[in-house]
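Participant: First the structure, then my questions, so here it is.
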Amino acid sequence: MAERLKQFREIGKKIVAVCRNYKGLTAAQGIPNPKTPSLFAKPTTAYITEGQSIRIPEGCNLLYHEVELGVVIKQKCSNVAVSDVDEYIGGFVLALDMTAKDFHNEAKANSRPWFLSKGFDTSCPVSDFIEKEKNPNYRDVRLWLKVDGAMKQDDSTSDMIFSVPEVISYISKYITLEEGDVVLTGTPDGQGPVTDGQIMEAGLADIVSMKFSVTK
Ligand SMILES: O=C(O)/C=C/C(=O)CC(=O)C(=O)O
Ligand SMILES: [Mg+2]
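Just so we're aligned, residue 1252 is where the sequence shown starts under the working numbering, counting upward by one.
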């Protein structure tokens, strides 16, 4: 099973993401905690892996990094109870939810969908597949991100507003999740800009780390 799930980028059919899911982030932004998980999606063409670069989309002048824990779904499921979610977790990835923040701000200001700002090619860099057993404390695991060696994001998944099981249970009420789909669980506070030539390094405890460069 884990062997097949290593191919999540080929077999998975979607990337579902949660936003505003860390207490530190909503506190820093002075916004209320959402009452239910706030969802959006990215196309699977957004995936890249180490060795490939994040490309600044045409016309974007403000590209933001967001480091996130991604959950790889083990098998098709819908309407999963919070208490049963563990059965449907196949493994994890560390991911970046790269965001064309100027596109995002403009779309929001004009009450338009912000799919492009989150869904452009290369907007979802991911680590190697992390076996479920290698991340047993996923409810309280450190994730961090440095830009050119300077720490920008450093928090624990215990700061999430909705836990991983709550997020997956909620999504599955409305959207059937399938083998290899990835759920991005939101970013902690500290997201911010990156520019052409900068290098990001991110890690999940001592489980995995990854590096990505940004290019025009
Ligand atoms: O402004 C918003 O509503 C959402 C902004 C984001 O980019 C949030 C995330 O993607 C996140 O919190 O992970
Ligand atoms: Mg995000």
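We put the CB at the ideal spot given by N, CA and C, even for glycine. Everything numeric in this text was worked out from a predicted model, so none of it was measured.
With a threshold of 6 Å (Cβ to nearest heavy atom), would G1431 be considered close to ligand 1?
Facilitator: Counting from 1 along the sequence shown, the entry for residue 1431 is found at position 180. False, no ligand heavy atom lies under 6 Å from that Cβ.
Participant: Spell out a yes or no on whether the region 1381-1398 and the region 1446-1454 are touching, meaning 3 or more CB-CB pairs, one atom from each, closer than 8 Å.
Facilitator: yes
Participant: Quick test of your reading: T1373 and I1299, contact by CB under 8 Å. State the CB separation rounded to the nearest angstrom.
Facilitator: Start at 1 with the first residue of the sequence shown, and residue 1373 comes out as number 122. Start at 1 with the first residue of the sequence shown, and residue 1299 comes out as number 48. Between I1299 and T1373 the Cβ distance is about 5 Å, and since that is below 8 Å, they are a contact.
Participant: Here's the rule I'm using: 16 or more other beta-carbon atoms within 10 Å means buried, otherwise exposed. How should G1302 be labelled?
Facilitator: By one-based count along the sequence shown, residue 1302 stands at place 51. Classification for G1302: exposed.
Participant: Can you give me the C-alpha to C-alpha distance between R1271 and G1441, rounded to a whole angstrom?
Facilitator: If you number the sequence shown from 1, residue 1271 lands on position 20. If you number the sequence shown from 1, residue 1441 lands on position 190. Those two C-alpha atoms are separated by around 12 Å.
Participant: What residue does the beta strand (DSSP E) around S1289 start on, and which one ends it?
Facilitator: Indexing the sequence shown from 1 puts residue 1289 at position 38. Residues S1289 to K1293.
Participant: Can you tell which of V1322, Y1315 and S1362 has its C-alpha closest to the C-alpha of Q1449?
Facilitator: For the purposes of this step, residue 1449 is taken as the residue at position 198 of the sequence shown. It is Y1315 whose Cα lies nearest to the Cα of Q1449.
Participant: Of all the options L1367, V1336, F1354 and L1320, which has the alpha carbon lying nearest to the alpha carbon of D1391?
Facilitator: Here residue 1391 refers to the residue found at position 140 of the sequence shown. Taking D1391 as reference, the option from L1367, V1336, F1354 and L1320 with the minimal CA-CA separation is L1320.
Participant: Have a look at the DSSP bridge pairing and note the partners of H1316.
Facilitator: Your numbering for residue 1316 matches position 65 in the sequence shown. According to DSSP, which records beta bridges pairwise, H1316 is partnered with G1443.
Participant: Helix, strand or coil for T1436 per DSSP?
Facilitator: As a position in the sequence shown, residue 1436 is number 185, starting the count at 1. In this structure, T1436 counts as coil in the three-state DSSP scheme.
Participant: Counting Cβ pairs, one atom from each stretch, are 3 or more of them under 8 Å apart for the region 1345-1353 and the region 1409-1418?
Facilitator: no
Participant: From S1409, D1337 and G1437, pick the residue whose C-alpha is nearest to that of F1291; which is it?
Facilitator: On the sequence shown, position 40 is the one that residue 1291 refers to. Ranking S1409, D1337 and G1437 by Cα distance to F1291 puts G1437 first.
Participant: Considering only C-alpha positions, which residue in the set E1261, I1307, F1259 and I1422 is nearest to A1351?
Facilitator: One-based indexing of the sequence shown puts residue 1351 at position 100. Considering only E1261, I1307, F1259 and I1422, the residue with the shortest C-alpha distance to A1351 is I1307.
Participant: Under 8 Å by Cβ, that's how I've got V1434 and V1267 pegged, so tell me the actual separation to the nearest angstrom.
Facilitator: Your numbering for residue 1434 matches position 183 in the sequence shown. Your numbering for residue 1267 matches position 16 in the sequence shown. Confirmed, Cβ separation roughly 5 Å.
Participant: For the putative contact between K1264 and D1432, defined by C-beta atoms under 8 Å, what is the C-beta separation to the nearest angstrom?
Facilitator: As a working note, residue 1264 is residue 13 in the sequence shown. As a working note, residue 1432 is residue 181 in the sequence shown. Contact check for K1264 and D1432: beta-carbon distance about 6 Å, within the 8 Å limit, so the pair qualifies.
Participant: Report the option in I1305, E1309, F1371 and E1384 whose CA atom is closest to the CA atom of I1340.
Facilitator: Residue numbering aside, residue 1340 sits at position 89 when the sequence shown is read from its first letter. Nearest option by C-alpha distance: E1384.
Participant: What do you reckon, are the CB atoms on E1430 and I1305 nearer than 7 Å?
Facilitator: Position 179 of the sequence shown, counted from the first residue, corresponds to residue 1430. Position 54 of the sequence shown, counted from the first residue, corresponds to residue 1305. Their beta carbons are not under 7 Å apart, which means E1430 does not touch I1305 by this criterion.
Participant: Please state whether DSSP places F1343 in a helix, a strand or coil.
Facilitator: Within the sequence shown, numbered from 1, the residue matching residue 1343 stands at position 92. Here F1343 sits in strand by DSSP.
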